[in-house]
Structures are given as C-alpha cells and as structure tokens.
Ligand code: FES
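In UniProt numbering, the protein residues as written are 1 to 346.
Below, the structure is given as structure tokens:
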C-alpha cells in the first residue's frame with residue numbers, strides 16, 4: 001500500500017490519505033443500465049390507448065377553458081356574497097381543469113409516445129460550437145418528428161385547440177365587455193360626485209363641518225350609499241378618511257388649494273400599494289400608516305408617501321360645505337383610487 005505524500009488526497013470511498021491515481025480501477029464507468037422498453041414501444045394497442053388518453057386530457061382542458069369563459073359571463077357578481085363564492089368556484093375550477101389538462105397531456109405524451117432514447121453527455125464548454133447548434137436544431141426537428149404530431153391528426157388538433165383556447169381565459173376579463181362586472185376600467189371611477197354628502201361609516205349619518213374638531217378622524221362613506229346596486233363594491237372603492245388639521249400646517253398646491261374646508265381634508269382610505277385600508281392616524285405628525293406593509297402618508301402634505309413601498313399619494317377627495325353646513329364632495333377623486341394597474345393613465 002502506498003503512503004500518501006499529500007494527506008488531503010482522497011479515494012472514492014472517502015478515505016483521506018490515499019492517492020487517487022494509484023486506484024484508477026475504482027472509477028470504472030459503470031455505463032448505462034440495460035434499456036427497458038415501454039409497453040407503448042412494443043404494443044401498438046398500448047400506444048393507441050396512450051394516444052387516446054392524451055387526447056382526452058386535451059379535451060378536458062378545452063372544456064375547462066370553455067367553462068371558465070362561461071363562468072365569467074353566467075355568474076355575475078351581486079350584493080349577495082354567495083354570488084362571489086359561486087363565481088370564484090366556477091373560475092377556479094375552470095382554470096384548474098384547463099391548466100391541468102394541458103400539463104398532464106404533455107407529460108403523458110412525452111412519457112408514453114415520444115421516443116425513449118437514453119443519452120449520456122460529457123461536460124462541455126458553456127458556449128456551444130456551430131456544429132452543436134446545428135445538431136441542436138436537428139435534435140429539435142427529430143423531436144418534432146418523434147412526437148408523431150404529423151401523423152396524429154386528431155391529437156394535433158386537440159393540442160392546438162387547447163393551447164389556443166386557454167389565453168382567452170385571461171383575455172376575456174381584460175377586454176371586459178363580456179360580463180361587465182369584470183371590467184377593469186370600472187376601478188377608474190367611484191360614486192362620489194358633486195354635492196354628495198360625506199356620511200359616517202357605518203351609521204350613514206351626514207357630517208357637519210362644525211362637528212369636525214382639529215385632530216379628529218372620521219371614516220366616511222358617500223351619503224345614500226346603500227341605495228346603489230352593488231353598494232358593497234361601491235363602498236370598497238369610495239371609502240374615505242376625513243381628518244382635520246390646523247389650516248396653517250396644511251401644504252397645498254395651486255391645484256389642491258380649494259380642496260379642503262377649514263383644514264378638513266378627505267383622502268381615499270385604500271392604500272396605493274396593494275389596497276389595504278389605511279387607517280392608523282398619528283395626530284402629532286399627521287402621518288397615516290398602512291398596517292399591511294407600513295407605507296406612511298403625510299396628510300398635511302397631500303398624503304405624499306414618506307415611507308414604505310407605496311409609490312404614489314392617496315387620492316384626495318375635493319370637499320366643501322353645502323347650504324346647511326354639511327360636508328359635501330366637489331367631484332369624484334381626480335384619479336383612480338387604490339393600487340396602480342395597467343390601464344391607469346397616470
Ligand atoms: S398595502 Fe399598504 S403598504 Fe402595502
């Protein structure tokens with residue numbers, strides 16, 4: 001037995017202190033295990049069965065995609081919470097069946113019908129040579145040929161239909177005119193309009209400006225909210241936080257200088273990060289904190305973001321008072337409330 005010159009030399013068994021080069025036989029390549037043919041390689045009926053299974057899975061995916069679109073249209077959301085559950089269930093089931101159908105079909109196809117070559121590759125430099133690239137393209141073409149897509153017409157049709165139909169499950173709600181409840185552009189407006197009184201949440205009692213003392217905070221909804229169809233959805237968009245601060249501490253711009261009444265300001269309560277209710281008001285600093293990810297807004301300075309992941313200020317509701325001294329909106333918010341989304345113009 002040789003004595004190692006370098007104590008860090010190791011053998012395959014992990015014993016320290018033995019020179020690798022003196023035991024080359026321990027590293028003999030065992031080679032590939034004997035190749036086992038699948039039943040679909042030897043039995044044409046098994047191959048046919050596998051093909052039918054793949055077709056059935058793609059058809060299931062097609063039905064799932066159609067079911068999803070039907071759910072968008074046929075299960076409208078109303079004030080009844082059970083309709084939300086039904087819509088979510090319909091959409092969830094449809095999407096699940098559609099995606100799983102495509103996934104299982106692809107895996108089953110690859111495992112049972114595509115060629116079962118076993119390949120051992122040596123490590124190569126990261127950059128491929130031109131020959132390798134040509135070989136890769138060739139392998140790709142061979143794969144397409146191996147998949148048998150050219151001679152399995154029904155399977156090809158089922159696969160193309162399933163893949164072509166699935167994007168509609170996303171496109172339909174984005175286009176938004178089928179089943180108007182899913183129209184994304186509805187987020188752009190709330191039911192606040194000129195003259196709508198500000199009312200306390202949840203009592204619905206209109207708020208007089210004289211009742212709002214410096215430092216006080218009100219959770220506010222539009223007066224008459226419950227008379228609207230879909231009032232819960234409207235409330236989710238139009239909810240407001242009302243604060244009164246010393247008018248001398250208020251920073252306004254040319255555009256917003258008339259949007260408050262004697263230091264009473266109203267801002268959307270929906271965080272511009274991902275939409276949590278912003279409701280923790282710190283009277284000394286005038287900071288409004290979102291409890292979800294700690295975005296902090298400065299109410300004295302246009303509700304600008306002073307900390308946290310939110311990227312834009314809370315939208316302000318321009319307010320004034322009516323003849324009876326009640327606080328009223330001058331108009332809707334001048335920009336969409338809540339988190340940013342792809343249809344926002346600003
Ligand atoms: S939702 Fe308000 S900080 Fe994230």
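From the three backbone atoms N, C-alpha and C, an ideal C-beta is built for every residue, glycine too.
Following a CB-centred definition, is residue 293 positioned closer than 6 Å to any heavy atom of ligand 1? Stepping through the chain shown from its first residue, residue 293 is reached at position 293. Yes, since a heavy atom of ligand 1 falls inside the 6 Å radius drawn around the Cβ of residue 293.
Ignoring anything shorter than 3 residues, give me the beta strand (DSSP E) runs that lie fully in the segment 138-219, in order along the chain. For the segment 138-219, whole beta strand (DSSP E) runs of length 3 or above, ordered along the chain, are 198-200.
Enumerate in chain order the residues of its own chain whose CB-to-CB distance from residue 236 is below 7 Å, with the five nearest sequence positions on each side excluded. Here residue 236 refers to the residue found at position 236 when the chain shown is read from its first residue. For residue 236, where only same-chain residues beyond five positions count, there are no Cβ hits under 7 Å.
Using DSSP bridges, identify the partner residues of residue 379. Given a span of 1 to 346 for the chain in the structure shown, any question on residue 379 remains unanswerable.
Residue 6: buried (16+ other C-beta within 10 angstroms of its C-beta) or exposed? In the chain shown, the residue the question calls residue 6 occupies position 6. Note that residue 6 scores a pLDDT of 43, beneath 50, so its modelled location is shaky; the value from the coordinates is reported in the next line. Taking a 10 Å sphere around the C-beta of residue 6, we find fewer than 16 other C-beta atoms and assign the residue as exposed.
Mind checking whether the beta-carbon of residue 273 lies closer than 6 Å to any heavy atom of ligand 1? Working through the chain shown from its first residue, we reach residue 273 at position 273. True, at least one ligand heavy atom lies under 6 Å from that Cβ.
Quick one: grab the DSSP three-state call for residue 284. For the purposes of this step, residue 284 is identified with residue 284 of the chain shown, where counting begins at 1. DSSP places residue 284 in coil when its eight states are reduced to three.
Integer-rounded CB distance, given that residue 232 should sit under 8 Å from residue 332: Position 332 of the chain shown, counted from the start, is the residue given in the question as residue 332. Position 232 of the chain shown, counted from the start, is the residue given in the question as residue 232. About 19 Å separates the beta carbons of residue 332 and residue 232, which is beyond the 8 Å limit, so they are not a contact pair.
Is there at least one non-hydrogen atom of ligand 1 closer than 6 Å to the beta-carbon of residue 338? Numbered from its first residue, the chain shown carries residue 338 at position 338. Remark: the shortest separation between the CB of residue 338 and any heavy atom of ligand 1 does not fall under 6 Å.
C-alpha distance - residue 379 paired with residue 90, whole-angstrom precision: Residue 379 lies beyond the residue range present for the chain, which begins at 1 and ends at 346; the question has no answer from this structure.
Under 8 Å Cβ to Cβ from residue 58, same chain only, skipping five residues before and after it: list those, please. Within the chain shown, the letter at position 58 stands for residue 58. Non-local beta-carbon contacts of residue 58 in its own chain, meaning distances under 8 Å to residues more than five positions away in sequence, involve 101, 102, 105, 155, 158, 159, 161 and 162 in chain order.
Proximity test, residue 308 beta-carbon vs ligand 1 heavy atom, cut-off 6 Å: For the purposes of this step, residue 308 is taken as the residue at position 308 of the chain shown. Indeed, a heavy atom of ligand 1 lies less than 6 Å from the Cβ.
Helix or strand or just coil, what does DSSP make of residue 320? Sequence index remark: in the chain shown, residue 320 carries index 320 (1-based). Strand at residue 320.
Find out if the Cβ-Cβ distance for the pair residue 191, residue 222 is shorter than 7 Å. Here residue 191 refers to the residue found at position 191 when the chain shown is read from its first residue. Here residue 222 refers to the residue found at position 222 when the chain shown is read from its first residue. Less than 7 Å divides the Cβ of residue 191 from the Cβ of residue 222.
Which same chain residues, not among the five before or five after residue 3, have their C-beta less than 6 Å away from its C-beta? The residue you call residue 3 lines up with position 3 of the chain shown. The predicted model places residue 3 with a pLDDT of 42, which falls under 50 and marks its position as unreliable; any figure quoted below should be read in that light. There are no such residues.
Reducing DSSP to helix, strand and coil, say where residue 81 ends up. As a working mapping, residue 81 is identified with position 81 in the chain shown. Under the three-state reduction of DSSP output, residue 81 falls in the helix class.
Would residue 297 be called buried (16 or more neighbouring beta carbons within 10 Å of its own) or exposed? For the purposes of this step, residue 297 is taken as the residue at position 297 of the chain shown. By the neighbour-count rule (16 or more Cβ atoms within 10 Å), residue 297 is buried.
Between residue 347 and residue 309, how many whole angstroms is the CB-CB distance? I'm expecting something under 8 Å. In the structure as shown, the chain begins at 1 and stops at 346. Residue 347 is therefore absent and cannot be evaluated.
Taking its Cβ as the centre, do 16 or more other Cβ atoms sit within 10 Å of residue 73, making it buried, or is it exposed? Here residue 73 refers to the residue found at position 73 of the chain shown. Under the 10 Å beta carbon count, residue 73 is surrounded by fewer than 16 other beta carbons and is classified as exposed.
CB-CB under 8 Å to residue 246, same chain, minus the five flanking residues each way: which ones, in chain order? Counting from 1 along the chain shown, the entry for residue 246 is found at position 246. These residues qualify, in order along the chain: 214 and 263.
Identified DSSP bridge partners for residue 119: The count along the chain shown starts at 1 and reaches residue 119 at position 119. By DSSP's assignment, residue 119 forms no beta bridge with any residue.
Cα-Cα, which of 275, 88, 166 and 113 is closest to residue 239? By one-based count along the chain shown, residue 239 stands at place 239. Selected option, being the one with the closest Cα: 275.
For residue 327, the three-state DSSP class (helix, strand or coil): Taking the first residue of the chain shown as position 1, residue 327 is located at position 327. Three-state DSSP puts residue 327 in a strand.
Taking the continuous beta strand (DSSP E) assigned at residue 304, which residues delimit it? Along the chain shown, read from residue 1 onward, the residue named residue 304 stands at position 304. Note, residue 304: beta strand (DSSP E), 304-307.
Check whether the Cβ atoms of residue 265 and residue 243 sit closer than 7 Å, and answer yes or no. Against the chain shown, residue 265 aligns to sequence position 265. Against the chain shown, residue 243 aligns to sequence position 243. Yes. Within cutoff.
Would you tell me roughly how many angstroms separate the C-alpha atoms of residue 251 and residue 260, rounded to the nearest one? Along the chain shown, one-based indexing puts residue 251 at 251. Along the chain shown, one-based indexing puts residue 260 at 260. Roughly 11 Å separates the two Cα atoms.
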